[in-house]
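Participant:
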Amino acid sequence: MACRIDRRSFLGQSIAAGAAYAGIRSFEEKNLLAAVQDDGGRTRELKKTTQNEPKIPTGKIGKLQMSRIIAGGNVISGWCHNRDLLYVSTLAAHYLTEEKQFDTLELMEEYGIDTISPDPSQLGIINKYKRERGGELQTVVGVRDDWSRLGKPTWSGMKECIDRSIDEGATTMYTQGGFTEHAMKQGKPELIEVIAKAVEYIKEQGYPAGLGCHDVKVIEVGDEYGIEPDYYFKTFHHDNYWSAHPRENRKHWSVDAERSNDHNEYHDNIYDLFPDKTEALMAGKKKPWIAFKTLAAGAIHPESAFKFCFKGGADFLAVGMFDFQVIENTIIANRILAMDEVRNRARPWYA
Numbered sequence: 123m124a125c126r127i128d129r130r131s132f133l134g135q136s137i138a139a140g141a142a143y144a145g146i147r148s149f150e151e152k153n154l155l156a157a158v159q160d161d162g163g164r165t166r167e168l169k170k171t172t173q174n175e176p177k178i179p180t181g182k183i184g185k186l187q188m189s190r191i192i193a194g195g196n197v198i199s200g201w202c203h204n205r206d207l208l209y210v211s212t213l214a215a216h217y218l219t220e221e222k223q224f225d226t227l228e229l230m231e232e233y234g235i236d237t238i239s240p241d242p243s244q245l246g247i248i249n250k251y252k253r254e255r256g257g258e259l260q261t262v263v264g265v266r267d268d269w270s271r272l273g274k275p276t277w278s279g280m281k282e283c284i285d286r287s288i289d290e291g292a293t294t295m296y297t298q299g300g301f302t303e304h305a306m307k308q309g310k311p312e313l314i315e316v317i318a319k320a321v322e323y324i325k326e327q328g329y330p331a332g333l334g335c336h337d338v339k340v341i342e343v344g345d346e347y348g349i350e351p352d353y354y355f356k357t358f359h360h361d362n363y364w365s366a367h368p369r370e371n372r373k374h375w376s377v378d379a380e381r382s383n384d385h386n387e388y389h390d391n392i393y394d395l396f397p398d399k400t401e402a403l404m405a406g407k408k409k410p411w412i413a414f415k416t417l418a419a420g421a422i423h424p425e426s427a428f429k430f431c432f433k434g435g436a437d438f439l440a441v442g443m444f445d446f447q448v449i450e451n452t453i454i455a456n457r458i459l460a461m462d463e464v465r466n467r468a469r470p471w472y473a
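Residue numbers for the sequence shown follow the working numbering, so the first one is 123 and each next one is one higher.
What follows is the structure, encoded as structure tokens:
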């Protein structure tokens, strides 16, 4: 008799078979297996048992109040740091249908995640979600010039992006980390001035303005040039995971740069090269700090990541997550934020 099996069942059985052979070790593997096998049933059950779960606490940047957990834009874009797993971004893009995106955003809002950090190109889909589902998501938008001008941003390109983002309803904007970094690391005053001008222009339009980066050097250069953002959008995560290359081989300005095939060098595997330097630098900054890449692109369990980041001084965390991770991330964040060692951390809460 012919055996019929649908795609979801096949995928679930394949993952289960591999897990039985190798043993499921990672948080992501367990979540993926559960999500595929029960077709959303696990999320429905979690919703039943977490109806009384408090919503994520909020903080303020200026007059803007937002949840301390911010959704990463990958739920819209499907962009993923896949290290050497070439299929991951394609898999995410196929999984994240428009319906799945909207369901995920709706679930986030239900559990108190009221803000997302999208690319400017994603504002259209977020506005469509608001129209069709009645959502009220706020947006922290990383403004940039066209990707073809990475490393050589123009003021006209940055201004056009800021104006367009405002027209499409951006709540606040920061200079996108990759663009900011590639401009500043060259040390050319004319490029650094483009970034400085963008921060000031955002402020002039009446919006909180942020400075985005991976490397502490960006903030140091910004200080030299008198750049005064309203907040920082800076990567922060610990390096206690297998794919992080040795500290002694890490070089400033290497994130989002050339990738090496040598496991002991940068290969899109780490996003805060020196977390101790980040913590020390930010300890002296009396402004709100949104930390991003907090899970090192899925390499760190949220329990470990959230505690490290909040205790280390971050006021908000931007966290990429799929629908089957939203509720658990909310529960973990609430538990971490209630800890005395986090509430009474060394760096004051600036938001």
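Yeah, the Cβ is synthetic: ideal placement off N, Cα and C, and Gly gets one too.
Which complete alpha helix (DSSP H) runs does the segment 318-380 hold, if anything under 4 residues is left out?
Facilitator: 338-346
Participant: For Ser-199, I'd like the list of residues in its chain whose CB is within less than 7 Å of its CB, leaving aside the five on either flank, ordered along the chain.
Facilitator: Asp-241, Gln-244
Participant: For the candidate residues Leu-333, Glu-326, Gly-328, whose alpha-carbon lies nearest to that of Ala-305?
Facilitator: It is Leu-333 whose Cα lies nearest to the Cα of Ala-305.
Participant: List the endpoints of the continuous beta strand (DSSP E) containing Ser-239.
Facilitator: 237-239
Participant: Within a Cβ cutoff of 6 Å, which residues of the same chain sit near Arg-255, ignoring the five residues on either side of it in sequence?
Facilitator: Phe-224, Glu-228
Participant: Closest by CA to Gln-260, which one among Gly-434, Ala-440, Phe-444?
Facilitator: Taking only the C-alpha atoms, the option nearest Gln-260 is Ala-440.
Participant: Determine the direct distance from the alpha carbon of Ile-178 to that of Glu-312, and round the result to whole angstroms.
Facilitator: 42 Å
Participant: From Trp-471 to Ser-239, what distance separates their C-alpha atoms?
Facilitator: Trp-471 and Ser-239 have their C-alpha atoms spaced approximately 21 Å apart.
Participant: With Trp-411 as the anchor, note down where its beta strand (DSSP E) starts and where it stops.
Facilitator: Per DSSP, Trp-411 belongs to the beta strand (DSSP E) from 411-414.
Participant: Confirm, please, whether the CB-CB distance from Ile-235 to Ala-193 is below 8 Å.
Facilitator: yes
Participant: Which stretch, first to last residue, makes up the beta strand (DSSP E) that contains Phe-301?
Facilitator: From DSSP, Phe-301 is part of no beta strand (DSSP E) but of the alpha helix (DSSP H) over 299-306.
Participant: Using C-beta distances below 6 Å, list every residue in its chain close to Ser-376, excluding the 5 sequence neighbours before and after it, in chain order.
Facilitator: Tyr-388
Participant: For Ala-455, which residues from the same chain have a beta carbon less than 8 Å from its beta carbon, with the 5 sequence-adjacent residues on both sides left out?
Facilitator: Ile-178, Arg-190, Ile-191, Pro-424, Phe-428, Leu-439
Participant: Can you give the Cα-Cα distance for Ser-211 and Phe-396, rounded to whole angstroms?
Facilitator: 27 Å
Participant: Look at the alpha carbon of Lys-319 and the alpha carbon of Trp-277, and state the distance between them as a whole number of angstroms.
Facilitator: 8 Å
Participant: Identify whether Lys-182 lies in helix, strand or coil by the three-state DSSP scheme.
Facilitator: strand
Participant: What did DSSP end up calling Arg-255 once you bin it into helix, strand or coil?
Facilitator: It is helical.
Participant: For Gly-442, which of Asp-462, Ala-460, Ala-421, Phe-432 has the nearest alpha-carbon?
Facilitator: Ala-421
Participant: Express the C-alpha separation of Leu-186 and Lys-274 in angstroms, rounding to a whole number.
Facilitator: 32 Å
Participant: Count the C-beta pairs between the segment 283-297 and the segment 205-220 that are closer than 8 Å, then say yes if the count reaches three, no if not.
Facilitator: no
Participant: In three-state DSSP terms, what is Tyr-296?
Facilitator: Reduced to three states, the DSSP call for Tyr-296 is strand.
Participant: In three-state DSSP terms, what is Ala-144?
Facilitator: Because the pLDDT at Ala-144 is just 38, under 50, the model does not fix this residue reliably, and the value given afterwards should be weighed accordingly. Correct three-state label for Ala-144: helix.
Participant: Smallest Cα separation from Tyr-511: which of Arg-271, Arg-469, Val-197?
Facilitator: Nothing can be reported for residue 511, as the shown portion of the chain is limited to 123 through 473.
Participant: Cβ-heavy atom distance between Leu-208 and the ligand HEM below 7 Å?
Facilitator: Within the structure as shown, the ligand HEM is missing, as the structure has no ligands at all.
Participant: Quick check on Arg-129: does DSSP put it in helix, strand or coil?
Facilitator: Note that Arg-129 scores 40 on pLDDT, short of 50, meaning its location in the model is unreliable; the coordinates nonetheless yield the value given after this. Arg-129 falls in the helix class under three-state DSSP.
Participant: Tell whether a beta-carbon distance below 8 Å holds between Ile-475 and Val-265.
Facilitator: What is shown of the chain runs 123 to 473, which leaves residue 475 out entirely.
Participant: Just curious, the beta strand (DSSP E) that Ala-440 is in, first and last residue?
Facilitator: 438-441
Participant: Sort out for me which residues DSSP pairs Val-265 with in a bridge.
Facilitator: Thr-297
Participant: Suppose contacts are defined by Cβ-Cβ distances below 8 Å. Is Ile-392 in contact with His-367 by that definition?
Facilitator: yes
Participant: With a threshold of 16 other CB atoms inside 10 Å of the CB of Asn-383, please say whether the residue is buried or exposed.
Facilitator: exposed
Participant: Pull up the DSSP beta-bridge partners for Gly-194, would you.
Facilitator: Ser-239
Participant: Is DSSP giving Met-461 helix, strand or coil here?
Facilitator: coil
Participant: Does DSSP put Ser-382 in a helix, in a strand, or in coil?
Facilitator: In the three-state DSSP reduction, Ser-382 falls in the coil class, being neither helix nor strand.
Participant: For Arg-253, which residues of its own chain have a beta-carbon under 8 Å away from its beta-carbon, when the five flanking residues on both sides are left out?
Facilitator: none
Participant: Can you check whether the CB of Tyr-296 is closer than 8 Å to the CB of Val-340?
Facilitator: The Cβ atoms of Val-340 and Tyr-296 lie no closer than 8 Å to each other.
Participant: Which residues in the same chain as Asn-451 place their Cβ atom closer than 7 Å to its Cβ, once the five residues preceding and following it in sequence are excluded?
Facilitator: Ile-191, Pro-424, Val-441, Met-443
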